[in-house]
Amino acid sequence: MRQYLFVSASLALLAGCVPVEVYHKAGASLSRLQADETACQVDALKQVPVARMTRITPIRTLPREVCNGAGKCRVVYMEFGGEVETYDANLDLRKKVEAQCMANKGYSQIELPMCETAPATLPGKVPALASNSCAVRTKTGYRVATPG
Numbered sequence: 433m434r435q436y437l438f439v440s441a442s443l444a445l446l447a448g449c450v451p452v453e454v455y456h457k458a459g460a461s462l463s464r465l466q467a468d469e470t471a472c473q474v475d476a477l478k479q480v481p482v483a484r485m486t487r488i489t490p491i492r493t494l495p496r497e498v499c500n501g502a503g504k505c506r507v508v509y510m511e512f513g514g515e516v517e518t519y520d521a522n523l524d525l526r527k528k529v530e531a532q533c534m535a536n537k538g539y540s541q542i543e544l545p546m547c548e549t550a551p552a553t554l555p556g557k558v559p560a561l562a563s564n565s566c567a568v569r570t571k572t573g574y575r576v577a578t579p580g
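Here this note's numbering runs 432 ahead of the position in the sequence shown, where the first position is 1.
1. For a test of the three-state rule: what should DSSP assign to residue 472, helix, strand or coil?
2. Which of the three DSSP states, helix, strand or coil, is assigned to residue 488?
3. Buried or exposed: which applies to residue 436, given that a residue is buried once 16 or more other Cβ atoms fall within 10 Å of its Cβ?
4. Can you give the Cα-Cα distance for residue 551 and residue 520, rounded to whole angstroms?
5. Check residue 497 in the structure and name its three-state DSSP category.
6. May I ask you to report which of helix, strand or coil DSSP gives residue 573?
7. What residues are listed by DSSP as bridge partners for residue 567?
8. Give me the Cα-Cα distance between residue 450 and residue 573, rounded to the nearest whole angstrom.
9. Span of the alpha helix (DSSP H) holding residue 530?
10. Which two residues bound the contiguous beta strand (DSSP E) that contains residue 518?
11. Quick one: what's got a C-beta closer than 6 Å to residue 540's C-beta in the same chain, skipping five residues either side?
This is the structure:
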């Protein structure tokens, strides 16, 4: 249990270090960015609808030697896998269609690190990129911020 908590806490800390993808178009209003992003998402969904697929993970059997206090050992077998997973087979293609739509509207898709401290408010327009630009999570997605 302790190991599980340690791994969970470590992953949570690392999540803040991973760069995120954001759409950027210097000078665009945030409301225009949100409207364009929503329109492109809807358009992409129309062009590339959800295709739910189901798969079963492979079953693996691993031998393990178990010994008692008297030194008598036996081999036991543990099975892993066999879980049923549902996924959207069109997700990657739909994301490409969305990105192309945003590119057609003049946006670039860029990777930025998460801001260490989020600004109290975001400007009404998308700022120009600077060496200290970073991403802030908002209710509608990730947005570019330039602290200072």
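All C-beta atoms, glycine included, are put in the ideal place defined by N, C-alpha and C.
On the basis of the coordinates in this document:
1. Numbered from its first residue, the sequence shown carries residue 472 at position 40. Residue 472: helix per DSSP, three-state reduction.
2. Within the sequence shown, numbered from 1, the residue matching residue 488 stands at position 56. The DSSP-derived three-state label of residue 488 is strand.
3. Residue mapping note: residue 436 aligns to position 4 of the sequence shown, counting from 1. Reliability of the predicted coordinates at residue 436 is poor, the pLDDT of 48 falling under 50, and the value obtained from them is presented with this limitation in mind. With a threshold of 16 other beta carbon atoms within 10 Å, residue 436 falls short and is exposed.
4. Here residue 551 refers to the residue found at position 119 when the sequence shown is read from its first residue. Here residue 520 refers to the residue found at position 88 when the sequence shown is read from its first residue. Answer to the nearest angstrom: the Cα atoms are 35 Å apart.
5. Taking the sequence shown and counting its residues from 1, the one referred to as residue 497 is at position 65. Residue state, collapsed to three classes: strand.
6. Along the sequence shown, one-based indexing puts residue 573 at 141. Three-state DSSP puts residue 573 in a strand.
7. Residue mapping note: residue 567 aligns to position 135 of the sequence shown, counting from 1. DSSP, once it has assigned bridges, lists 546, 576 as partnering residue 567.
8. Counted from its first residue, the sequence shown places residue 450 at position 18. Counted from its first residue, the sequence shown places residue 573 at position 141. Their Cα atoms are separated by approximately 16 Å.
9. Counting from 1 along the sequence shown, the entry for residue 530 is found at position 98. Unbroken alpha helix (DSSP H) run through residue 530: 523-536.
10. Along the sequence shown, read from residue 1 onward, the residue named residue 518 stands at position 86. It spans 516-520 - the beta strand (DSSP E) in which residue 518 sits, taken as one unbroken run.
11. As a first step, residue 540 is located in the sequence shown; it is residue number 108 there, counting from the start. So the list reads 456, once near-sequence residues are dropped.
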